[in-house]
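J.: Counted the way this note's numbering counts, the sequence shown spans residues 10 to 195.
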Amino acid sequence: MAYSRRDVLQGGGILLSCVVAGQSLWLTPRAAHAAQVPYRVLTADEVATVQGLAEALVPGAREAGIAQYLDKQLARAGEGDSLLMLKYLGVDPGDYVGFYRASLASAATAAQNRHGKPWPELNARQAAAVLAAMAADEVPDWSGPPASFAFFVLRADAADVVYGTTQGFERLGVPYMPHLAPAEPW
């Protein structure tokens, strides 16, 4: 069954269609991460990079299911129903997978070249140094979309997953005032 953005918002927020043990389920990115739902688009290296990078950008992104969120959105990007930030920036859905693959590969190379470690092994200081270089477009040998653009998009996607829920609003101390109230808390 196809769901519109309005259906998802009315129902409570970001939901992913996942197949677990042969059964199709609607899960939040956090629940999909906890259930270790298999990835359809992202490779193991890309998952490790996006989890480490997003965690450095927005603490809590890994547990909130950033990799599951990206993977499921990329798997259906061609359907034009994506919730990724790229949609709102006018990027052609056919370019989404290439954008993330190139950005994650360049970010992984930047971490390795600068500190001799992959993203998940960087400490907070090391991660901050790579992120600062990305934000300033000062990463040597960066390929793909500009590093600052990748930084912006990945940070926005991570923030959506971490704070785009009623619990995220509570953590910020901001009253949740939805345009369309969810039927139940997410």
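Where is the CB? At the ideal position from N, CA and C, for every residue including glycine.
Among G69, V67, P102, R71, which one has its Cα closest to the Cα of K83?
T.: Inspection of the sequence shows that residue 83 is occupied by Leu rather than by Lys. Among G69, V67, P102, R71, the Cα nearest to that of L83 is on P102.
J.: Any idea if Y97 is buried or exposed, counting beta-carbon neighbours within 10 angstroms, 16 or more meaning buried?
T.: The residue in question, Y97, is exposed, as its Cβ has fewer than 16 Cβ neighbours within 10 Å.
J.: Buried or exposed for P47, going by 16 or more other Cβ atoms inside 10 Å?
T.: P47 should be labelled exposed.
J.: Between which two residues does the alpha helix (DSSP H) containing Y109 stretch?
T.: Residues 105-124.
J.: Can you name the start and end residues of the alpha helix (DSSP H) that Y97 belongs to?
T.: It spans 94-97 - the alpha helix (DSSP H) in which Y97 sits, taken as one unbroken run.
J.: Three or more beta-carbon pairs under 8 Å between the stretch 56-71 and the stretch 165-174, yes or no?
T.: Result yes; three or more Cβ-Cβ pairs closer than 8 Å.
J.: When the Cα of F160 is compared with those of L62, A57, R123, which residue comes out closest?
T.: Per the Cα distances, L62.
J.: Considering only the alpha carbon of each residue, which of V100, R134, D80, A44 lies closest to A53?
T.: Cα-wise, what sits closest to A53 is D80.
J.: In the structure shown, what three-state DSSP assignment does A145 receive?
T.: Three-state result, A145: coil.
J.: Thinking C-alpha only, which one of H124, P184, T175 is nearest A73?
T.: The option with the nearest alpha carbon to A73 is T175.
J.: If you follow the alpha helix (DSSP H) that Q176 is part of, which residue opens it and which one closes it?
T.: Here the alpha helix (DSSP H) through Q176 covers 175-181.
J.: How big is the Cα-Cα spacing for T149 and S115?
T.: It should be pointed out that residue 149 corresponds to Pro in this sequence rather than to Thr. Between P149 and S115, the C-alpha separation is close to 10 Å.
J.: Closest by CA to V106, which one among F178, L51, P127?
T.: The candidate whose alpha carbon is nearest that of V106 is L51.
J.: I need the straight-line Cα distance from R71 to E55, nearest angstrom please.
T.: Distance between the alpha carbons of R71 and E55: 13 Å.
J.: What are the boundary residues of the alpha helix (DSSP H) that D6 is part of?
T.: Outside the displayed range of the chain (10 to 195) lies residue 6, so it cannot be described from this structure.
J.: Please state if the CB of A117 and the CB of W128 are separated by a distance shorter than 9 Å.
T.: Yes, the Cβ-Cβ distance between W128 and A117 is below 9 Å.
J.: How should G177 be labelled, buried or exposed, when 16 other C-beta atoms within 10 angstroms of its C-beta is the threshold for buried?
T.: So G177 ends up on the buried side.
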